[in-house]
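**Q** Residue numbers (the working numbering): 4 to 154. Mind looking over this structure? Questions follow.
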Amino acid sequence: MLHGMETLTLLSIKDAAERTGLTVHTLRFYERIGLLQAIPRATSGHRRFREQDLGWIRLLICLRKTGMPLRSLQTFASLQREGDPTGEKRRMLLEEHRRNVLTRQEEILAHLAVVEKKIEMFEQLRASWDEGTQEELELFKDPFSGVSTPG
């Protein structure tokens, strides 16, 4: 703080990339496709990112890592720029995204159960390897034997 006022920290695109974990190329791409509002520029023409820009980028990263398609991110960003009157539309978009994430999570858990069952079968095989019959060994040639796969 400087005399009761907050100092404004402006970051280069390289520094913003380091702080967000994205590449410089990705930040430029996000700006080009409308995910970022126009980033202020220095007199030299170089982008200068603010903390609020980084907060928005972190939200985009979260949504992207949870599988939100770029097209939906663009819609969300466009609605965000329009402001408060679009709050309900943004909430609905996020609720739809949450439903999609939860559905994928259920699918992943079902597939993980298959993997865990297969690991359990290999542990049983290892425990009885020396005394195993040819029939028991044949079970392990088919990667899905003894395992029911989800839908």
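By construction, the Cβ of each residue, glycine as well, lies at the ideal position given by its N, Cα and C atoms.
What's the gap between the Cα of Gly24 and the Cα of Phe125?
**A** Roughly 38 Å between the two C-alpha positions.
**Q** Using CA atoms only, rank isn't needed, just tell me which of Gly86, Val27 and Thr89 is closest to Ile60.
**A** Out of Gly86, Val27 and Thr89, Val27 has the C-alpha closest to the C-alpha of Ile60.
**Q** In the DSSP assignment, the alpha helix (DSSP H) including Asp56 goes from what residue to what residue?
**A** Run containing Asp56: Glu54 to Lys68, per the alpha helix (DSSP H) assignment.
**Q** Does the Cβ of Met71 have 16 or more other Cβ atoms within 10 Å, making it buried, or fewer, making it exposed?
**A** Classification for Met71: buried.
**Q** Buried or exposed: Ile122, going by 16 or more other Cβ atoms within 10 Å of its Cβ?
**A** Burial call: exposed.
**Q** Assuming Thr69 contacts Val104 (C-beta within less than 8 Å), just tell me the rounded distance between them.
**A** Contact flag correct, Cβ pair sits at about 5 Å.
**Q** Report the rounded CA-to-CA distance for Ala41 versus Glu34, giving the unit in angstroms.
**A** When rounded, the distance between both Cα atoms is 7 Å.
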